[in-house]
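Enquirer: Okay, here's the structure, questions in a sec.
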Amino acid sequence: MFDNKTILITGGTGSFGHRYVSHILASYKPKKVIIYSRDELKQYEMQQLFSDSCMRYFIGDVRDASRLLTAMRGVDYVIHAAALKQVPAAEYNPNECIKTNINGAQNVIEACIEAKVHRVIALSTDKAANPVNLYGATKLASDKLFVAANNIAGADGPRFAVVRYGNVVASRGSVVPFYRNLLTQGKTILPVTHQEMTRFWITLDEGVEFVLTNFKRMQGGEIFVPKIPSVHILDLVEAMSGTRECELIGIRPGEKLHEVMVPEEMAHHSLEFDDHFVITPSIKFFDKTIDYSKNKLGEIGNKVSEKFEYHSGTNQHFLSVDDLKAMDKQTL
């Protein structure tokens with residue numbers, strides 16, 4: 001599907017972009033892979049790792065609509081990964097978060113439509129479901145923009161979809177590298193915001209494969225949610241430090257005790273497939289009627305129950321301490 005195609009990744013110098021490029025170069029023969037981001041140092045460092053002839057590095061910000069349009073020329077597929085993601089930073093700098101996560105999303109959409117891109121997937125987060133912090137609220141707004149973009153694009157325009165998942169193991173700024181750094185410094189008691197906290201858990205490789213597959217599944221307007229395990233924070237502490245003893249530091253501004261990826265309020269719009277859920281659009285598309293119960297790969301989904309909620313604290317699959325130890329070794 002990606003052979004001889006041009007792919008652009010906004011925020012492509014991040015953890016997802018690195019792993020995605022590694023996968024795409026190993027499995028396909030793309031015409032071009034464009035890394036679009038605003039940090040010249042990260043681009044320089046990434047060029048040392050990925051210098052294939054198909055690679056292109058564009059310095060630019062998603063806040064800059066004209067630069068985005070220039071970068072989108074001739075592009076077939078777009079992954080929108082650029083975002084301001086740190087919850088406390090967003091609480092203290094709300095305007096900056098809005099400019100990137102909402103205004104930037106709209107700029108990406110408009111550039112994709114103008115450039116006649118084929119398909120677009122925006123990366124979201126579990127924090128966009130029933131948000132209690134500004135980061136989650138901006139990502140919910142972004143999700144709504146990308147879903148509605150299918151109406152704006154019309155029948156012959158790009159198809160837009162969203163991928164929503166939880167904490168990515170070992171991604172920059174996440175808890176695993178943070179804990180690992182503390183342990184390397186000789187700290188034996190790790191900080192925990194709340195001992196009952198749970199989170200959804202996905203590896204970078206799983207996240208990349210989910211996005212790649214959803215380009216093949218998508219019809220436009222879906223929010224794809226993978227079936228992934230949850231973790232108890234104290235199980236993670238034990239897996240990494242060997243003890244459940246911890247330093248309780250209190251929940252940070254805007255932080256939840258548990259996360260949700262499919263809210264109960266969206267159950268009547270949600271379908272369950274073998275390895276994922278799909279939240280279908282709550283708005284009507286004027287150019288077509290789409291049967292989301294059968295995707296482009298022929299997979300069949302069924303409606304979830306009326307009271308269904310996909311919640312990290314009530315998830316049927318939790319990783320054990322041994323599971324987390326094995327996962328941690330894989331991410332070193």
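For the sequence shown, position 204 matches number 204 in the UniProt record's numbering, and the numbering has no gaps at all.
Ideal placement from N, C-alpha and C gives every residue a C-beta, glycine not left out.
Beta carbon of M261, beta carbon of F200: below 8 Å?
Expert: As a position in the sequence shown, residue 261 is number 261, starting the count at 1. As a position in the sequence shown, residue 200 is number 200, starting the count at 1. Yes. Within cutoff.
Enquirer: For the beta strand (DSSP E) holding F160, just list the boundary residues, first then last.
Expert: Taking the first residue of the sequence shown as position 1, residue 160 is located at position 160. R159 to V163 is the extent of the beta strand (DSSP E) around F160.
Enquirer: Would you mind sorting K296 into buried or exposed? The rule is 16 or more other CB atoms within 10 Å of its CB.
Expert: For the purposes of this step, residue 296 is taken as residue 296 along the sequence shown, with counting starting at 1. By the neighbour-count rule (16 or more Cβ atoms within 10 Å), K296 is not buried but exposed.
Enquirer: I need the straight-line Cα distance from H18 to S51, nearest angstrom please.
Expert: If you number the sequence shown from 1, residue 18 lands on position 18. If you number the sequence shown from 1, residue 51 lands on position 51. Approximately 12 Å between the Cα atoms of the pair.
Enquirer: By Cβ distance, which residues of its chain are closer than 6 Å to T6, with the 5 residues on each side in sequence left out?
Expert: Position 6 of the sequence shown, counted from the first residue, corresponds to residue 6. Excluding sequence neighbours, T6 sits near K31, K32, G74, V75 and D76.
Enquirer: To which residues of the same chain is A81 closer than 7 Å at the C-beta, ignoring the five residues directly before and after it?
Expert: Here residue 81 corresponds to residue number 81 of the sequence shown, with the count starting at 1. If we look at A81 and ignore the five residues flanking it on each side, its Cβ neighbours are I9, T10, G11, G12, G14, F16, G17 and L123.
Enquirer: Rounding to the nearest angstrom, what Cα-Cα distance links I35 and D64 in this structure?
Expert: Looking up residue 35 in the sequence shown gives position 35. Looking up residue 64 in the sequence shown gives position 64. For I35 and D64, the distance between alpha carbons rounds to 15 Å.
Enquirer: DSSP three-state label for L332, please.
Expert: In the sequence shown, the residue the question calls residue 332 occupies position 332. Caution applies to L332, whose pLDDT of 44 falls short of 50 and renders its modelled position unreliable; the model cannot decide the point.
Enquirer: For F318 and H232, what's the separation of their Cα atoms in angstroms?
Expert: Taking the first residue of the sequence shown as position 1, residue 318 is located at position 318. Taking the first residue of the sequence shown as position 1, residue 232 is located at position 232. Their backbone Cα atoms lie some 8 Å apart in a straight line.
Enquirer: So for Y77, helix, strand or coil by DSSP?
Expert: Within the sequence shown, the letter at position 77 stands for residue 77. DSSP places Y77 in strand when its eight states are reduced to three.
Enquirer: Where A141 and I102 are concerned, what is the direct C-alpha to C-alpha distance, given to the nearest angstrom?
Expert: Here residue 141 corresponds to residue number 141 of the sequence shown, with the count starting at 1. Here residue 102 corresponds to residue number 102 of the sequence shown, with the count starting at 1. Each residue's Cα considered, the two are about 6 Å apart.
Enquirer: Using a Cβ-Cβ cut-off of 7 Å (strictly less than) and excluding sequence neighbours within five positions of K99, which residues of its own chain qualify?
Expert: The count along the sequence shown starts at 1 and reaches residue 99 at position 99. Excluding sequence neighbours, K99 sits near R63.
Enquirer: Is the beta carbon of I300 closer than 8 Å to that of V211?
Expert: Working through the sequence shown from its first residue, we reach residue 211 at position 211. Working through the sequence shown from its first residue, we reach residue 300 at position 300. Contact: no.
Enquirer: Taking just the CA atoms, how far does K116 sit from D323?
Expert: Residue numbering aside, residue 323 sits at position 323 when the sequence shown is read from its first letter. Residue numbering aside, residue 116 sits at position 116 when the sequence shown is read from its first letter. For D323 and K116, the distance between alpha carbons rounds to 44 Å.
Enquirer: With a 10 Å radius around its C-beta and 16 neighbouring C-beta atoms as the bar for buried, classify L332 as buried or exposed.
Expert: Mapped onto the sequence shown, residue 332 falls at position 332. Below a pLDDT of 50, predicted positions are generally treated as unreliable, and L332, at 44, falls in that range; the measurement from the model is reported next regardless. Answer is exposed; the Cβ neighbour count stays below 16.
Enquirer: Could you compute how far the alpha carbon of Y179 sits from the alpha carbon of G313?
Expert: Position 179 of the sequence shown, counted from the start, is the residue given in the question as residue 179. Position 313 of the sequence shown, counted from the start, is the residue given in the question as residue 313. If I take the Cα positions, the gap works out to 22 Å.
Enquirer: So the alpha helix (DSSP H) F224 belongs to, where does it begin and stop?
Expert: For the purposes of this step, residue 224 is identified with residue 224 of the sequence shown, where counting begins at 1. Run containing F224: none in the alpha helix (DSSP H); it sits in the beta strand (DSSP E), I223 to P226.
Enquirer: Touching or not, the segment 37-50 and the segment 227-246, by the rule of three or more beta carbon pairs under 8 Å?
Expert: No, because fewer than three Cβ pairs between the segment 37-50 and the segment 227-246 fall closer than 8 Å, the two stretches do not touch.
Enquirer: I'd like to check one pair, I249 with A192: are the Cβ atoms closer than 8 Å?
Expert: The count along the sequence shown starts at 1 and reaches residue 192 at position 192. The count along the sequence shown starts at 1 and reaches residue 249 at position 249. Residue identity check: residue 192 is Val in the sequence provided, not Ala. Contact: yes.
Enquirer: Nearest to G298 by alpha carbon, out of L182, M218 and E245?
Expert: Translated into positions along the sequence shown, residue 298 becomes position 298. Measuring from the Cα of G298, the nearest candidate turns out to be M218.
Enquirer: With DSSP as the reference, label P177 as helix, strand or coil.
Expert: Counting from 1 along the sequence shown, the entry for residue 177 is found at position 177. Of the three classes helix, strand and coil, the one that applies to P177 here is helix, per DSSP.
Enquirer: Mind checking H276: buried by the 16 CB within 10 Å criterion, or exposed?
Expert: Working through the sequence shown from its first residue, we reach residue 276 at position 276. H276 is buried by the Cβ-count criterion.
Enquirer: Helix, strand or coil for A122? Go by DSSP, reduced to three states.
Expert: Here residue 122 refers to the residue found at position 122 when the sequence shown is read from its first residue. Residue state, collapsed to three classes: strand.
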